[in-house]
Amino acid sequence: MLFFQLEEHIDRWCRTWKVARGGTLTVEQGWRLAQAWYGPDRRDAAWRRKNVTEVEALFEDLGLTSGFWNLRPPGRS
Amino acid sequence: MNQSTEEFDYQVRKAVYEVTLQRGYPPTLVEASSQLQADLQKVGAAFQRLAAGRVLVLQPESGEILMANPFSAVPTPFLVELDAYSCYGNCIWDALGVLAMLKKDGRIATSCPDCGTAMQVRVANGSVQATQGLIHFAIPALHWWDDIVFT
């Protein structure tokens, strides 16, 4: 995940490197995602990775609802 | 008394993150073994299990930690500056994650990969401050772990 100055810089970089345009977050969205993802203390015995349902809820809360953010393989729900 | 694999893996995870949070980069196998007073091969096997569980990312040949997310063991384009130390995040999300995990104010210094312009993000009093900038995820979420180093 890279940090670009402007939208058009993302477009140009994708064209240059022949990479499909992906998903874009504002800095505020990225901060909220980072807090939710990395806030829980990994030194705690009870810590565990978020499951798919929890990540889906987090993405939805952040407004990340396009197919790009889908976590389930096609045909599985 | 025998310690279960699950309990040992937890002790390794805890030790890895204690060291990482204290100094900004993860311990080597030797350091973790010394801290845990445990056999090197046993700790190496725990690293492998934690990597299989997507808790750590290892260097393929040495089995040393490459990423104790969000921290990187090696320099990256995402420098995180705190009062106590400077360290590296694996990507912009992880650089923000370092500050989120530590619950500290700090500054991320990076550059636009398209034009090279220096960019920074500051976190102060728990709020993020950046005049401009957009985070781009090139890999769809379903495939992040297909090649996590590239992601």
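Top to bottom, those sequences are chains A and B.
One point on numbering: in the working numbering, the residue at position 26 of the first sequence is 26, and numbering is uninterrupted.
The working numbering runs 1000 ahead of the 1-based position in the second sequence.
Using N, Cα and C, we set each Cβ at its ideal position, and we do this for glycine too.
Note that the coordinates shown come from a computational prediction; the quantities given were computed from them, not determined experimentally.
Using DSSP's beta-bridge definition, name the partner residues of residue i.
i: T53 (chain A); result: Bridge partners of T53 (chain A): none, in fact.
i: G23 (chain A); result: B:F1137
i: R1122 (chain B); result: B:R1107, B:Q1129
i: E1081 (chain B); result: B:S1086, B:R1107
i: F1196 (chain B); result: Given that chain B is displayed from residue 1001 to residue 1151, the structure contains no residue 1196 (chain B) and the question cannot be resolved.
Please tell me whether residue i has its Cβ less than 8 angstroms away from any Cβ of chain E.
i: E54 (chain A); result: The structure shown has no chain E; the protein chains it does contain are A and B.
Step through the CB atoms of chain A and report whether any lies within less than 8 angstroms of the CB of residue i.
i: Y1010 (chain B); result: yes
i: D1083 (chain B); result: no
i: E1031 (chain B); result: no
i: P1113 (chain B); result: yes
i: E1061 (chain B); result: no
Is there a Cβ of chain B sitting closer than 8 angstroms to that of residue i, yes or no?
i: G107 (chain A); result: Any question about residue 107 (chain A) goes unanswered here, given that chain A covers just 1 to 77.
i: G30 (chain A); result: yes
i: T65 (chain A); result: no
i: L62 (chain A); result: no
For residue i and residue j, I'd like the C-alpha separation in whole angstroms.
i: A1095 (chain B); j: T1020 (chain B); result: 14 angstroms
i: E1006 (chain B); j: R1049 (chain B); result: 10 angstroms
i: I10 (chain A); j: D1039 (chain B); result: 47 angstroms
Using a threshold of 7 angstroms, is the CB atom of residue i nearer than that to any non-hydrogen atom of the ligand COA?
i: T1020 (chain B); result: Ligands in the displayed structure: none, and consequently the ligand COA is not present.
Give a yes or no on contact between the segment 1124-1140 of chain B and the segment 14-31 of chain A, applying the rule of three or more CB pairs nearer than 8 angstroms. yes
Between the segment 1068-1087 of chain B and the segment 1021-1037 of chain B, do three or more beta carbon pairs fall short of 8 angstroms? yes
How do the segment 1106-1120 of chain B and the segment 1052-1072 of chain B stand: do at least 3 beta-carbon pairs fall below 8 angstroms, yes or no? no
Taking contact to mean 3 or more Cβ pairs, one atom from each stretch, closer than 8 angstroms, check whether the segment 55-66 of chain A and the segment 1033-1048 of chain B are in contact. no
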